[in-house]
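Asks:
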Amino acid sequence: MLEQLLLSVIPAYIAAEVKRSIMLKMADACQSSTKRSRQRFHELYVQRHNNVR
27 MLEQLLLSVI PAYIAAEVKR SIMLKMADAC QSSTKRSRQR FHELYVQRHN
77 NVR
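If you count by the working numbering, then the sequence shown holds residues 27 to 79, one letter each, in order.
1) Which of the three DSSP states is assigned to Gln73 in this structure?
2) Quick check on the DSSP output: the alpha helix (DSSP H) that includes Ser47 runs from which residue to which?
3) For Gln73 and Ile48, which I take to be in contact (beta-carbon distance under 8 Å), what is that distance rounded to the nearest angstrom?
4) What separation, rounded to the nearest whole angstrom, lies between the Cα atoms of Ile36 and Glu69?
5) May I ask you to check if the CB of Ala55 is nearer than 8 Å to at least one heavy atom of the ligand GTP?
Encoded structure:
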């Protein structure tokens, strides 16, 4: 369901990058349970496109 929501607002190739990033962060968090980060959304996913109106 989350993936469908993501795909409804951003292109699939960016959604795949975001999903991969989330999964990597979750895996890291599971391995180092002592390290807790309060900040969210560190990455900025930007793509530049020419000739778009």
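Note that CB positions come from ideal geometry on N, CA and C, so glycine has one too. Here the structure is a predicted model, which is why all the values come from computation and not from measurement.
Replies: Put simply:
1) Reading the sequence shown from its first residue, position 47 is the one you call residue 73. In the structure shown, Gln73 sits in coil (DSSP, three-state: anything other than H, G, I, E or B).
2) As a first step, residue 47 is located in the sequence shown; it is residue number 21 there, counting from the start. Taken as a continuous stretch (DSSP letters only), the alpha helix (DSSP H) holding Ser47 covers 38–57.
3) For the purposes of this step, residue 73 is taken as the residue at position 47 of the sequence shown. For the purposes of this step, residue 48 is taken as the residue at position 22 of the sequence shown. The Cβ separation is near 18 Å, so there is no contact.
4) Here residue 36 corresponds to residue number 10 of the sequence shown, with the count starting at 1. Here residue 69 corresponds to residue number 43 of the sequence shown, with the count starting at 1. Roughly 15 Å separates the two Cα atoms.
5) In terms of ligand content, the structure shown is empty, and the ligand GTP therefore cannot be addressed.
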